[in-house]
Amino acid sequence: MRRLLSVLCLFFFSLNGCSSPDSSESAKELESLPELSCVAVLPTAVPVSSSDTLTMTQKMDLKEGAAYLDSILTEELGSRTQFEILTENQLDAILGDPWGGRLQQVRTIGKATRCEAVLVTSLSKYRQRVGSTMSIETSAAAAFSMELISVEDGVVFWTTSFDETQKALFEDIFSYNKAEKRGFKWLTVEELSRDGMTSRLNEFPYFQEVDE
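Numbering (our numbering), first residue to last: 638 to 849.
If you want it as structure tokens, here you go:
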């Protein structure tokens, strides 16, 4: 359930307030990454720290956005034996006590899945485009962060984030290559989110190893 995922978000991202960094493109990893035979991929979490300031529409948008990111993760990672995709119900069943600390939670997940790490995604912004591919009133916007966390000691092996509100080319002249790749059109929030997620997964070291 999204309530449970919000609790996970509270613990996993307590230092960041469940929001992604200001930079729209960032990725960090340890200099020497351990070998992992299994990574548990958690359902996308939504923020709880700012829930009182969100409108009902924004909350619904985040819920829909989380489900959409989950579908991309399943599509990209689900067929790979190294990744164990968890549904909300499965995670709910594993975490009988959702109020445990961060390390306790990841260890519980690791024990249940026999995975050495968990991949946690948190969605903080998901706004649909208002308009068409050629003309808009409001552009699409999306922001999410991802962390790969060790089950053994809670160390973060790898982290990345995406935060973009699509802009017109004349507002960002340095984004010509990106605009050209996107067909010089205004994207829907689904298209923007997919672009962000696939680009971040292409940076994911364990995803790359499987491709070799």
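A virtual CB, placed ideally from N, CA and C, is assigned to each residue, including glycine. Remember, it's a predicted structure, so these values are computed and weren't measured experimentally.
Check	Outcome
Which of helix, strand or coil DSSP assigns to residue 856	Since the first residue of the chain shown is 638 and the last is 849, residue 856 is not available in this structure.
Three-state secondary structure assigned by DSSP to residue 720	strand
Inter-residue spacing [alpha-carbon to alpha-carbon] between residue 684 and residue 761	6 Å
Length at least 3, wholly inside the region 687-756: the beta strand (DSSP E) runs in chain order	720-722
Limits of the unbroken beta strand (DSSP E) element including residue 816	Element bounds for residue 816: not the beta strand (DSSP E) but the alpha helix (DSSP H), 813-818.
Cα-Cα separation, residue 693 to residue 699	10 Å
Proximity to residue 705 [Cα-Cα], best of 792, 763, 739	763
Cross-strand partners of residue 677 (DSSP beta bridge)	721, 755
CB of residue 679 within 9 Å of CB of residue 723, strictly	yes
Residue range of the unbroken beta strand (DSSP E) whose run includes residue 795	793-802
Close-in-space but distant-in-sequence residues of the same chain around residue 793 (CB under 6 Å, 5 per side omitted)	784, 786
Unbroken beta strand (DSSP E) run spanning residue 780, endpoints	778-787
8 Å Cβ shell around residue 859 - same chain, five flanking residues per side excluded	The displayed coordinates of the chain run from 638 to 849. Any statement about residue 859 would go beyond what the structure contains.
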